[in-house]
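> Take this structure, written in structure tokens, and hold onto it; I'll ask about it next.
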Amino acid sequence: MGYGWCDNVLRLAGRILIVLGTVCLVCLAVILVSGEHTTSPRAASAAKGFVMFAALGLIPGFWMLRTGKELGVTDDRMAALADLMASYRRLKIGDAARKLAWTEAEVERIFGRCVERGLIEGYVDRATQELFTDESLRQEVTPPGTTCSRCGAALNGRFLTGETVVCPYCKARLA
Numbered sequence: 474m475g476y477g478w479c480d481n482v483l484r485l486a487g488r489i490l491i492v493l494g495t496v497c498l499v500c501l502a503v504i505l506v507s508g509e510h511t512t513s514p515r516a517a518s519a520a521k522g523f524v525m526f527a528a529l530g531l532i533p534g535f536w537m538l539r540t541g542k543e544l545g546v547t548d549d550r551m552a553a554l555a556d557l558m559a560s561y562r563r564l565k566i567g568d569a570a571r572k573l574a575w576t577e578a579e580v581e582r583i584f585g586r587c588v589e590r591g592l593i594e595g596y597v598d599r600a601t602q603e604l605f606t607d608e609s610l611r612q613e614v615t616p617p618g619t620t621c622s623r624c625g626a627a628l629n630g631r632f633l634t635g636e637t638v639v640c641p642y643c644k645a646r647l648a
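Going by our numbering, 571 is the number at position 98 of the sequence shown; the sequence numbering is gapless.
And the structure:
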């Protein structure tokens, strides 16, 4: 999948840096509590060094930990959308957003990332606000312009193998 190992490595490196920064803070606290920093210039220099190394450990450590978590969440979201698209083949953006509890903008953004990474082969139809997989286009069976057998209304949608076609006007189920 996209980042599989990268998020774990970032989180691990972040934890290691946080631990090292915390150790530096503990050493600094020992120097400050002992009062040694006021009498010895060497201890004062050591205290300054521990402050610097604590900052160099904690700041990037927390950044790596947060970034690793974000990458993991993005990876999980891409997997969820790829699974959903494998099941449905074609799905309105609003329906995907409701099923996944995301916003429509998130669905479009993550769909784009899935296509970039090769998890999904498909595209977004802006006219109908639908997500399509390439598989759905190969399986299209009812061409646009077909009419309803009950009321005669034009059915301008794309209908796939295995889908139940419902007339948008009379709500008749068509085979």
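Each residue gets a CB set at the ideal place from its N, CA and C atoms; glycine is no exception. Please read all numbers here as calculations on a predicted model, not as lab measurements.
Per DSSP, what are the beta-bridge partners of Asp598 in this structure?
Answer by DSSP bridge pairing, in chain order: Glu603.
> Helix, strand or coil, according to DSSP, for Thr637 in the structure here?
Three-state DSSP puts Thr637 in coil, outside helix and strand.
> Going straight from the alpha carbon of Ile566 to that of Ala600, what length do you get?
Looking at the two C-alpha atoms, the distance is approximately 12 Å.
> Would you report the Cα separation of Glu509 and Ala516, rounded to the nearest angstrom?
In a straight line, the C-alpha of Glu509 is about 6 Å away from that of Ala516.
> In the DSSP output, which residue or residues are listed as bridge partners for Lys644?
BP columns for Lys644 are empty, so no partner.
> By a C-beta neighbour count over all protein chains shown, 10 Å radius and 16 as the cutoff for buried, is Glu543 buried or exposed?
Answer is exposed; the Cβ neighbour count stays below 16.
> Taking the continuous alpha helix (DSSP H) assigned at Arg590, which residues delimit it?
Arg590 -> alpha helix (DSSP H) spans Glu577 to Arg590.
> Can you tell me whether Leu485 is buried or exposed, with buried defined as 16 or more other CB within 10 angstroms of its CB?
Exposed: under 16 other Cβ atoms inside 10 Å.
> With three or more C-beta pairs closer than 8 Å as the rule, is the region 527–535 touching the region 489–501?
Touching, yes, given that three or more Cβ pairs across the two stretches are closer than 8 Å.
> When you compare each of Arg611, Asp549, Pro641 and Gly530 to Cys624 by their alpha carbons, which one comes out closest?
Checking every option, the nearest Cα to that of Cys624 belongs to Pro641.
> Between Leu573 and Leu604, how many whole angstroms is the CB-CB distance? I'm expecting something under 8 Å.
Not confirmed; about 12 Å, so no contact.
> State the CB to CB distance for the pair Arg586 and Met558, rounded to an integer number of angstroms; the pair is presumed to be in contact (CB under 8 Å).
That belief does not hold up - the Cβ atoms of Arg586 and Met558 are roughly 13 Å apart, past 8 Å.
> For the ligand COA, I want to know if Gly494 counts as a neighbour, meaning its beta carbon is within less than 8 Å of at least one of the ligand's heavy atoms.
In the structure on display, the ligand COA does not appear, and there are no ligands present to speak of.
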